[in-house]
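Student: Those sequence lines, one after another, are chains A and B.
One point on numbering: in full-length UniProt numbering, the residue at position 650 of the first sequence is 650, and numbering is uninterrupted.
One point on numbering: in full-length UniProt numbering, the residue at position 67 of the second sequence is 67, and numbering is uninterrupted.
Beta carbons: idealized from backbone N, C-alpha and C, even for Gly.
Only a predicted model underlies this, so the values are computations on that prediction, with no experimental measurement involved.
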Amino acid sequence: MKLYCLSGHPTLPCNVLKFKSTTIMLDCGLDMTSTLNFLPLPLVQSPRLSNLPGWSLKDGNAFLDKELKECSGHVFVDSVPEFCLPETELIDLSTVDVILISNYHCMMALPYITEHTGFTGTVYATEPTVQIGRLLMEELVNFIERVPKAQSASLWKNKDIQRLLPSPLKDAVEVSTWRRCYTMQEVNSALSKIQLVGYSQKIELFGAVQVTPLSSGYALGSSNWIIQSHYEKVSYVSGSSLLTTHPQPMDQASLKNSDVLILTGLTQIPTANPDSMVGEFCSNLALTVRNGGNVLVPCYPSGVIYDLLECLYQYIDSAGLSSIPFYFISPVANSSLEFSQIFAEWLCHNKQTKVYLPEPPFPHAELIQTNKLKHYPSIHGDFSNDFRQPCVVFTGHPSLRFGDVVHFMELWGKSSLNTVIFTEPDFSYLEALAPYQPLAMKCIYCPIDTRLNFIQVSKLLKEVQPLHVVCPEQYTQPPPAQSHRMDLMVDCQPPAMSYRRAEVLALPFKRRYEKIEIMPELADSLVPMEIKPGISLATVSAVLHTKDNKHVLQPPPRPTQPTGGKKRKRASDDIPDCKVLKPLLSGSIPVDQFVQTLEKHGFSDIKVEDTAKGHIVLLQEAETLIQIEEDSTHIICDDDEVLRVRLRDLVLKFLQKF
Amino acid sequence: MPEIRVTPLGAGQDVGRSCILVSIAGKNVMLDCGMHMGFSDDRRFPDFSYITRSGRLTDFLDCVIISHFHLDHCGALPYFSEMVGYDGPIYMTQPTQAICPILLEDYRKIAVDKKGEANFFTSQMIKDCMKKVVAVHLHQTVQVDDELEIKAYYAGHVLGAAMFQIKVGSESVVYTGDYNMTPDRHLGAAWIDKCRPSLLITESTYATTIRDSKRCRERDFLKKVHETVERGGKVLIPVFALGRAQELCILLETFWERMDLKAPIYFSTGLTEKANHYYKLFIPWTNQKIRKTFVQRNMFEFKHIKAFDRAFADSPGPMVVFATPGMLHAGQSLQIFRKWAGNEKNMVIMPGYCVQGTVGHKILSGQRKLEMEGRQVLEVKMQVEYMSFSAHADAKGIMQLVGQAEPENVLLVHGEAKKMEFLKQKIEQEFRVNCYMPANGETVTLPTSPSIPVGISLGLLKREMAQGLLPDAKKPRLLHGTLIMKDSNFRLVSSEQALKELGLAEHQLRFTCRVHLHDTRKEQEMAMRVYSHLKSVLKDHCVQHLPDGSVTVESILVQAAAHSEDPGTKVLLVSWTYQDEELGSYLTSLLKKGLPQAS
């Protein structure tokens, strides 16, 4: 069993597991932090961005000034933003049989894998994962495609040139494999390869392996996966949460008794408590608005935004914000809000009970009805007519490199009355802000990451007791910025095996058993024998049939009567097939009883001699000698087959067959 | 002998009061718990005394499964759980769980408030009963206990309707509930995988009907409604609040829009709006088209269809009214029917099946003079139309489902005996499986022979697979091993491993036969001749001549020795173990025949 690690990003994993005869890809996350190296794509022509100076080498060589621009001491690539794909060379991806998706954030590289590697398998995901994943991809494609950029920079990627660049460009990894965004056509084609599954659904793969998604508590439809055969169990834990937010709670019990637990997708901000972050978010939002400023919340169109809207629903009246407009701007804003209301079975208990009334599970329905929350596909069109300030705007993309958020950063960045509040944990907010510097607007960092923290992980591991834990190397040491915090790492016994990008791990367990079915007719013919109290044995001689990786034992065929052909047989016809196996024997022969038995069967003139290790029984008349020892019996006789067989059968009476 | 037993307490050769007891591998499951629309006495509920005669329901039943929210499948549930007494789990899908209590309350109100029945279940009982419900999601495997698992499949029919697979070990039963094999305007088609159950229990409402295409029926329906409205008549469509009603509403709504019709369409009860709201929230359970477009336009937000007020029934002019209940056995639909029945301009369209004993059934079977309460006779002059919109599989659909699931046996319920007989023959002929159709209270017993799963050591399995990649039909190779049974843990291992695990030593049984040959040559020369002889005969075996002068064939040892008394005789000692007996014994007899003369 092997694990091929194709992604180095611990929360956007992409691993391939070879288990029995199957090749299973676990998630295909897309590392979008690469886009931070690029200039933002403005929706409206931005003089500031287009007038940034080109970057030149220390010696004044300016041959890169078309591709690289400088802003407040940072250098950015002026090009269509590109993403860092999972490793595609480590393993032939056309051999992947299935892809298991754990949540909608971890499927963003899917079109690159399913459309460009010869992949012919099936992708499994829950319905909310697919629907919301589709929305995320649609938004991404829309953000990038609606701002066509003529330039696609590639000069800087040259290894010899990259070395000369300042950080972080100098240290960016695998830049040669960075790719531009996929098209909607590729998205649709990729999504058509997905088969929908429900929690606790058992899916058979080629009769060899069974996979089952379990609720992971992190997002709508988010799952952990169990990959098991009858005797081995691998748990894949990815993006799980124990906090009570909107999704169905995490199913922990089903993770028990795993041989291997692959642990990915832990919180990216282990030191921030999501609850207090939400509190800070609300109070900063209120403060800004009360002072006449606007609030910008860069966010994804689904996920935490539902919880934030729910908090605001409870908060705005008491905070005196009921007259402040809330805008949610995304090409998929409407779809996201609508979809959230129809996935009752994937929601937490409280929200499910609302559906029975029947009421929409999320209160943002009421915010929309009362006109407190308005949603728009983009800043163009209706929005420009309705737009009132001060206001609160939720919009993407959290990287601040594309999407409507770029416009609001340009619009509001110069006033210190305004505030941008970062809630998504995927991007460093300082890096995200770099191309907008100098900035007068206030910046608040309230990352809300509900995924497991290290305390919860160690509790979980104690609870479910896997034999081995496998995790990204980042989790086996404290974060670089807090190297003294030994509590910010996975702590388990035996120590977790760690992996890094482009590594292949041999997973530490040996398969020893396989399921086989004994047909009822064969079972009936077995004769069990109690060997020790509670333990019975039966020897089995049967015909093995294997089909579709399922093994069945059928009764042996009845011996066919030799046909009475008179044809002279060739000598070789009689040669026995040595593959017919005789059972092993066990036990010992009590010499006195044996002699008695011999006598009973008509042997006379029996003499017994003691030897160092046992006895010798002599049948003088038959010129036969039987050596009997604790673990062996040796019959030495003339070539009298009848006699030999008689003696053999008498000996076998005292022995057990295996 | 293991067996599966099935006893219908209701729906055996009958439609209504669905309730089927299944015993599988020692587990007892009750499928549906319905009421009968055709009765208002004891017979309206299944006869639970069948179980309670020998003990409490909770002790006997491992679980109850409800297939969908129609009252003939869940109407007896509060009576069963709260009045007879059952505290175990009740499984149903989420939409069923949401809608079922509303219909039960509706049913209770009609029975108690309108008909004045005493000793009926109360609202509180409905609530208490629903607390015992566990929601099941599609395709989720629910572990009822360590051995019993159930799994729901999409059934179409009505919102949240499901088929259930009940499984213990390798034995399984699939119960279809009511299902529909063709997608309609708001729901998708039933689907099941090739799960090869030991028994498939299927409904057979339309066992003999092959329906024309849905489109024709829809066109027919619209034409009839349109014509009646055009000539100023009123159209009454008795429906159940949820299900067919929504499909027909979508149909009329789009037709009204397209034709720009002005006649009002009403929906009778306050339930409608609520009902439509359920449809909006349970969009994933509807058909693909609605699921795809719901963000742009929710199909369950109707523009042309308004709420009905009792006073409207007497207003002049054309109108279309959807009224509950669907079989004209009580409530508003019956009231409106009585008002409108006398006018030949009007029309009643029955869009679904009507149970015997209901007014709906009577007018459909041609009765035009109906005896109502108080000896009143109602003369029916209005046109009576029947349109099979009820979403049951027809004969073709049932055959299709049997083909999909590939069961070992089929059992028919929820249909009329005569029609079942016909379908039974068809199924037996086409699929070569036994088909049963027990009456209520009658038990069908199916012997089963489950295979026994054991663990085989990978070493043994791989050894076997490596040797016999191509199975030879004439000479099947035998796998030999030892089955170790400890508690309920069964493992098949190689004999060597079994001995080792149990700490037993192998007992070696060896034979040595003396073969006397007349030969004056030296022993070494004898051995050489034995070697070349065996080598030429046993071409497929490994024959070796060892430096010490002995000859081996596989693991069998042949040595030549001088005779102690007769120098003209040599003795060949052939020695082998019990495991090589066949070959050893063969060699002895071969050598006994003597060695060929050296050429």
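1. Verify the CB distance criterion: does A:K459 have a CB-CB separation below 8 Å to chain B?
2. Under the three-state reduction of DSSP, which class applies to B:D220: helix, strand or coil?
3. Output, in sequence order along the chain, the residues in the stretch 625–647 of chain A whose CB is closer than 7 Å to any CB in chain B.
4. Alpha carbon to alpha carbon, how far is A:I606 from A:T633?
5. Relative to the C-alpha of B:E430, which residue among B:G403, B:A118, B:E421 is closest?
6. Counting along the chain, where does the beta strand (DSSP E) carrying A:P472 start and finish?
7. Buried or exposed: A:G534, going by 16 or more other Cβ atoms within 10 Å of its Cβ?
8. Who are the neighbours of B:G481 on chain A, taking C-beta pairs under 8 Å?
9. Evaluate A:T11 with the Cβ neighbour count: other Cβ atoms within 10 Å of its Cβ, from every protein chain shown; 16 or more gives buried, anything less gives exposed.
10. So, does the CB of A:G198 fall closer than 8 Å to a CB anywhere in chain B?
11. Give the DSSP bridge partners of B:E506, in chain order.
12. Could you list which residues in chain A have their beta carbon closer than 7 Å to that of B:L138, in chain order?
13. Shorter than 8 Å from the beta carbon of A:M250 to some beta carbon of chain B?
14. So, are the CB atoms of B:F389 and B:R244 less than 8 Å apart?
15. Report buried or exposed for A:S572, applying the criterion of at least 16 other Cβ atoms within 10 angstroms of its Cβ.
16. Between which two residues does the alpha helix (DSSP H) holding B:K339 run?
17. Within 8 Å of any Cβ in chain A, is that where the Cβ of B:A498 sits?
18. I'd like the list of long-range same chain contacts for B:H533, defined as Cβ closer than 7 Å, with 5 residues on each side in sequence excluded.
19. Would you please state the rounded distance, in angstroms, between the beta carbons of A:K657 and A:L553? I believe it to be under 8 Å.
20. According to DSSP, simplified to helix, strand and coil, what is A:D327?
21. With distances taken from CA atoms, which of A:V77, A:S302, A:M107 is nearest A:P398?
22. Along the chain, which unbroken stretches of the alpha helix (DSSP H) at least 4 residues long are found entirely within the stretch 117–142 of chain B?
23. Suppose the cutoff is 6 Å on Cβ atoms and the five residues either side in sequence are ignored; what does the same chain contact list for A:E138 look like?
24. Output, in chain order, the set of chain B residues within a Cβ distance shorter than 9 Å of A:K170.
25. Going by C-alpha to C-alpha distance, which of A:L242, A:F19, A:L64 sits closest to A:I455?
26. A:L17: buried (16+ other C-beta within 10 angstroms of its C-beta) or exposed?
27. Should A:N224 be labelled buried (16 or more other beta-carbon atoms within 10 Å of its own) or exposed?
28. List the residues that DSSP assigns as beta-bridge partners of A:D251.
29. Can B:L248 and B:F322 be called in contact, C-beta distance under 8 Å?
30. Figure out for me which residue from B:G397, B:V530, B:V574 has the closest Cα to the Cα of B:I427.
31. Which whole-angstrom value describes the C-beta separation of B:P438 and B:P8, a residue pair presumed to lie in contact below a C-beta threshold of 8 Å?
32. Which residues of chain B have a Cβ atom closer than 7 Å to the Cβ of A:A523, listed in chain order?
33. Helix, strand or coil: which one does DSSP assign to A:R501?
34. Restricting to Cα atoms, I'd like to know which of B:K303, B:T448, B:I290 is closest to B:L261.
35. Using three-state DSSP, classify A:L548 as helix, strand or coil.
36. Flag B:T445 as yes if its beta-carbon sits less than 8 Å from any beta-carbon of chain A, otherwise no.
Tutor: Considering the structure as presented:
1. The residue you call residue 459 of chain A lines up with position 459 of the first sequence. For A:K459, the answer is no, since every Cβ of chain B falls outside 8 Å of its Cβ.
2. Within the second sequence, the letter at position 220 stands for residue 220 of chain B. DSSP places B:D220 within a helical segment (H, G or I) once states are collapsed to three.
3. D631, S632, T633, H634, I635, I636, C637, D638, D639, E641, R644
4. As a position in the first sequence, residue 606 of chain A is number 606, starting the count at 1. As a position in the first sequence, residue 633 of chain A is number 633, starting the count at 1. Cα-Cα distance, rounded: 17 Å.
5. Here residue 430 of chain B refers to the residue found at position 430 of the second sequence. Here the closest residue by C-alpha is B:G403.
6. Residue 472 of chain A sits at position 472 when you count from the first residue of the first sequence. Its beta strand (DSSP E) spans residues 468–472.
7. Residue 534 of chain A sits at position 534 when you count from the first residue of the first sequence. When all chains shown are included, A:G534 counts as exposed.
8. Reading the second sequence from its first residue, position 481 is the one you call residue 481 of chain B. Here the neighbours are T539, V540.
9. On the first sequence, residue 11 of chain A is found 11 positions in, with the first residue counted as 1. The residue in question, A:T11, is buried, as its Cβ has 16 or more Cβ neighbours within 10 Å.
10. The count along the first sequence starts at 1 and reaches residue 198 of chain A at position 198. Residue contact with chain B for A:G198: present (Cβ-Cβ distance below 8 Å to some residue of chain B).
11. Here the question's residue 506 of chain B lines up with position 506 in the second sequence. Its beta-bridge partners are A:S586.
12. Counting from 1 along the second sequence, the entry for residue 138 of chain B is found at position 138. Going along chain A in sequence order, the residues near B:L138 (Cβ under 7 Å) are G198.
13. In the first sequence, counting from the first residue as 1, residue 250 of chain A sits at position 250. No, its Cβ sits nowhere closer than 8 Å to a Cβ of chain B.
14. The residue labelled residue 389 of chain B in the question sits at position 389 within the second sequence. The residue labelled residue 244 of chain B in the question sits at position 244 within the second sequence. Their beta carbons are under 8 Å apart, which means B:F389 touches B:R244 by this criterion.
15. Counting from one through the first sequence, the residue named residue 572 of chain A turns up at place 572. Model confidence at A:S572 stands at a pLDDT of 47, short of 50, so the residue's coordinates are unreliable and nothing is read from them.
16. Locating residue 339 of chain B in the second sequence gives position 339, where the first residue counts as 1. Looking at the DSSP string, the run of the alpha helix (DSSP H) that includes B:K339 is 331–340.
17. One-based indexing of the second sequence puts residue 498 of chain B at position 498. Yes - at least one Cβ of chain A is within 8 Å of the one on B:A498.
18. Walking along the second sequence from the start, residue 533 of chain B turns up at place 533. Answer for B:H533: L595, P596, listed in chain order.
19. To locate residue 657 of chain A, count along the first sequence from 1; it is residue 657. To locate residue 553 of chain A, count along the first sequence from 1; it is residue 553. Not quite, the Cβ-Cβ distance comes to about 18 Å (not below 8 Å), so this is no contact.
20. Taking the first residue of the first sequence as 1, we reach residue 327 of chain A at position 327. The question names Asp, but residue 327 of chain A in the sequence shown is Tyr. Note: A:Y327 maps to strand in three-state DSSP.
21. If you number the first sequence from 1, residue 398 of chain A lands on position 398. A:P398 has its Cα closest to that of A:S302, out of A:V77, A:S302, A:M107.
22. 123–131
23. Within the first sequence, numbered from 1, the residue matching residue 138 of chain A stands at position 138. Contacts found: V332.
24. As a working mapping, residue 170 of chain A is identified with position 170 in the first sequence. Within 9 Å Cβ-Cβ: nothing; A:K170 doesn't reach chain B, min ~45 Å.
25. Residue 455 of chain A sits at position 455 when you count from the first residue of the first sequence. Selected option, being the one with the closest Cα: A:L242.
26. The sequence position of residue 17 of chain A within the first sequence is 17, counting from 1. It is buried - the Cβ of A:L17 has at least 16 other Cβ atoms within 10 Å.
27. By one-based count along the first sequence, residue 224 of chain A stands at place 224. A:N224 should be labelled buried.
28. Counting from 1 along the first sequence, the entry for residue 251 of chain A is found at position 251. BP columns for A:D251 are empty, so no partner.
29. On the second sequence, residue 248 of chain B is found 248 positions in, with the first residue counted as 1. On the second sequence, residue 322 of chain B is found 322 positions in, with the first residue counted as 1. Yes, these two residues count as a Cβ contact at 8 Å.
30. For the purposes of this step, residue 427 of chain B is taken as the residue at position 427 of the second sequence. Of B:G397, B:V530, B:V574, the residue nearest in Cα terms is B:G397.
31. For this step, residue 438 of chain B is matched to residue 438 along the second sequence. For this step, residue 8 of chain B is matched to residue 8 along the second sequence. Correct: roughly 6 Å between the Cβ atoms.
32. Residue numbering aside, residue 523 of chain A sits at position 523 when the first sequence is read from its first letter. By Cβ distance, chain B contributes I452.
33. As a working mapping, residue 501 of chain A is identified with position 501 in the first sequence. DSSP places A:R501 in coil when its eight states are reduced to three.
34. Taking the second sequence and counting its residues from 1, the one referred to as residue 261 of chain B is at position 261. Closest option to B:L261, Cα to Cα, is B:K303.
35. Counted from its first residue, the first sequence places residue 548 of chain A at position 548. Looking at the sequence shown, residue 548 of chain A is not Leu but Asp. Three-state DSSP puts A:D548 in coil, outside helix and strand.
36. Numbered from its first residue, the second sequence carries residue 445 of chain B at position 445. No, B:T445 does not count as interfacial toward chain A.
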